[in-house]
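First the structure, in the form of structure tokens, and then the observations on it.
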Amino acid sequence: AQVSEKAIFVNLEKAIRQFMIDREWTNDQFKKGIEQINCKIFITVTEAPAQNSFKATAQVLSSRTIYGTNYESPLLNFNDRSFNFDYVADQPLIFNDNNFTSNLTSVLAFYAYAVLALDYDSFSKMGGNPYIEKMFNVTNVAQASGDEGWARSQNQVNRYWLAENLQHQQMLPFREGLYDYHRKGMDLLLIKPEEARNNIIKSLEALKEVNRLKPSSTLLNVYFDAKNREIVDIFRESSPEIKQKVRLIVVNLDPANANKYDVLSN
């Protein structure tokens, strides 16, 4: 039984990889190995309540290459506590934007669109709009299944709230900030370091209003889970005044990771 279970998971990993890479999620052409988006999904199966049925959690990570470097800047770090699915070995993974076929393919498609939305937003202001619409569409179609993670529940760290936050008018400064942080900040860091750091600070300051309107929002929490280490690295060598300024901003926006910014006090 153990061998067959292991074989199922090997089969599943291959099927997911094929599904995510081979399917065309956008009409834009990406050069293979150069412009493709770096995305990782770590799935932890916690229970198999029935044959071919699995309860699991997942961590979804994505990053974006910074201009002129090999550095990957993290964009998404989302922990999905209800990554539950059915899977039969060697069964093809089928997805349709407008019809629910399985929770597994709906969840994978949702994250494919989320990764694209954040990536496009980081390159052009509101560039992620088409993919946010697709995220919301997947969510609406999947809600009828009754599977966990799609509902407007009290648990505000699920797929529904990630899509809702990205689409909400009050979160527009966050999305504009993605562009300012990456295109006007990270992409300039090697060429114009001072200007780049100032733009990154401005992008963080813009999040104060977002935090006031939607405190402890899923999107802000997810963003800083991805970014806290990078922010520290960017300002580690800055003047004490700049470090203190940045620390005060981010500790207010990201109290859950407050201790990670302590290095900016030194």
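Throughout the sequence shown, residue numbering follows the working numbering, covering 1 to 266 in sequence. Beta carbons are placed, not taken as given, at the ideal position from N, Cα and C, and that holds for glycine. No experiment lies behind these values; they were computed from the predicted model shown.
Point to revise | Three-state secondary structure (DSSP) of ILE242 | key: Start at 1 with the first residue of the sequence shown, and residue 242 comes out as number 242. Three-state DSSP puts ILE242 in a helix.
Check your understanding: Can you tell me where the alpha helix (DSSP H) with THR218 in it begins and where it stops?
Key -> Sequence index remark: in the sequence shown, residue 218 carries index 218 (1-based). In this chain, the alpha helix (DSSP H) harbouring THR218 covers 218–235.
Check your understanding: Can you name the start and end residues of the beta strand (DSSP E) that PHE42 belongs to?
Key -> Along the sequence shown, read from residue 1 onward, the residue named residue 42 stands at position 42. Run containing PHE42: 38–50, per the beta strand (DSSP E) assignment.
Check your understanding: Can you tell me where the alpha helix (DSSP H) with PHE19 in it begins and where it stops?
Key -> As a first step, residue 19 must be located in the sequence shown, where it is residue number 19. That run of the alpha helix (DSSP H) goes 2–22.
Check your understanding: If we count Cβ pairs, one from each stretch, closer than 8 Å, do we get three or more for the segment 159–171 versus the segment 216–224?
Key -> The segment 159–171, when compared against the segment 216–224, does touch it at the 8 Å Cβ threshold.
Check your understanding: Opposite ARG64 in the DSSP bridges: which residues?
Key -> Within the sequence shown, the letter at position 64 stands for residue 64. For ARG64, the pairing in a beta bridge is given by DSSP as SER73.
Review point. Helix or strand or just coil, what does DSSP make of LYS202?
Key: As a first step, residue 202 must be located in the sequence shown, where it is residue number 202. The answer is helix: DSSP assigns LYS202 an H, G or I state.
Review point. Quick one, which of ASN198, ASN11, ASN96 and SER238 has its alpha-carbon nearest GLN110's?
Key: Here residue 110 is taken as the residue at index 110 of the sequence shown, counted from 1. Correcting the residue type first, residue 110 is Phe in the shown sequence and not Gln. For the set ASN198, ASN11, ASN96 and SER238, the Cα lying nearest the Cα of PHE110 is the one of ASN96.
Exercise for review: Give every residue of the same chain whose Cβ lies closer than 6 Å to the Cβ of CYS39, excluding the five residues on either side of it in the sequence, and list them in chain order.
Suggested key: In the sequence shown, counting from the first residue as 1, residue 39 sits at position 39. Sequence-distant partners of CYS39 (beyond 5 residues in either direction) whose C-beta falls short of 6 Å from its own C-beta, in its chain, are SER62 and VAL115.
Check your understanding: Are the segment 197–205 and the segment 132–146 touching by the rule of at least three beta carbon pairs closer than 8 Å?
Key -> Output reads no: the segment 132–146 does not touch the segment 197–205.
Check your understanding: Is the segment 175–190 close to the segment 63–81, with three or more CB pairs under 8 Å?
Key -> With the cut-off at 8 Å, the segment 175–190 and the segment 63–81 touch.
Exercise for review: Along the alpha helix (DSSP H) that carries MET135, what are the first and last residues, could you check?
Suggested key: The residue given as residue 135 occupies position 135 in the sequence shown. Note, MET135: alpha helix (DSSP H), 129–143.
Review point. Going by Cα to Cα distance, which pick from ASP147, TYR120, ARG247 and THR105 is closest to PHE19?
Key: Taking the sequence shown and counting its residues from 1, one reaches residue 19 at position 19. Distances from the CA of PHE19 to each of ASP147, TYR120, ARG247 and THR105 were compared; the closest alpha carbon is that of THR105.
Review point. Residues bridged to ALA56 by DSSP?
Key: Taking the first residue of the sequence shown as position 1, residue 56 is located at position 56. Answer by DSSP bridge pairing, in chain order: VAL45.
Point to revise | Bounding residues of the alpha helix (DSSP H) (the contiguous stretch that carries GLU176) | key: Taking the first residue of the sequence shown as position 1, residue 176 is located at position 176. Element bounds for GLU176: 172–182.
Practice item. Report the rounded CA-to-CA distance for THR46 versus SER82, giving the unit in angstroms. Key: Taking the sequence shown and counting its residues from 1, the one referred to as residue 46 is at position 46. Taking the sequence shown and counting its residues from 1, the one referred to as residue 82 is at position 82. Within the model, the alpha-carbon separation for THR46 versus SER82 is close to 10 Å.
Exercise for review: Consult DSSP for LEU118 and reduce its assignment to one of helix, strand or coil.
Suggested key: Here residue 118 refers to the residue found at position 118 when the sequence shown is read from its first residue. The answer is helix: DSSP assigns LEU118 an H, G or I state.
Practice item. Counting only the same chain and skipping the five closest in sequence on each side, list residues whose C-beta sits under 7 Å from that of ALA48. Key: Here the question's residue 48 lines up with position 48 in the sequence shown. Excluding residues within five positions, the ones whose Cβ falls inside 7 Å are PHE54.
Practice item. Taking TYR160 as part of the alpha helix (DSSP H), name the residues at either end of that continuous run. Key: As a first step, residue 160 is located in the sequence shown; it is residue number 160 there, counting from the start. Boundaries of the alpha helix (DSSP H) around TYR160: 159–167.
Review point. Expressed to the nearest angstrom, what Euclidean distance is found between the alpha-carbon atoms of ILE16 and SER102?
Key: Start at 1 with the first residue of the sequence shown, and residue 16 comes out as number 16. Start at 1 with the first residue of the sequence shown, and residue 102 comes out as number 102. Between ILE16 and SER102, the C-alpha separation is close to 13 Å.
Review point. Within 10 angstroms of its Cβ, does ARG175 collect 16 or more other Cβ (buried), or is it exposed?
Key: The residue given as residue 175 occupies position 175 in the sequence shown. Burial call: buried.
Review point. With distances taken from CA atoms, which of LEU118, ASP262 and GLU148 is nearest ALA340?
Key: Given a span of 1 to 266 for the chain in the structure shown, any question on residue 340 remains unanswerable.
Practice item. Could you check which residue in ARG229, SER238 and ASN228 has the C-alpha nearest to that of ALA196? Key: Locating residue 196 in the sequence shown gives position 196, counting from the first residue. Checking every option, the nearest Cα to that of ALA196 belongs to SER238.
Check your understanding: Among the residues of its own chain, which have a CB less than 6 Å from the CB of LEU178, if the five just before and after it don't count?
Key -> For the purposes of this step, residue 178 is taken as residue 178 along the sequence shown, with counting starting at 1. For LEU178, where only same-chain residues beyond five positions count, the Cβ hits under 6 Å are ASP121 and SER122.
**Study point:** C-alpha distance - MET171 paired with ASN165, whole-angstrom precision
**Key:** Translated into positions along the sequence shown, residue 171 becomes position 171. Translated into positions along the sequence shown, residue 165 becomes position 165. A straight-line Cα-Cα distance of about 6 Å links MET171 and ASN165.
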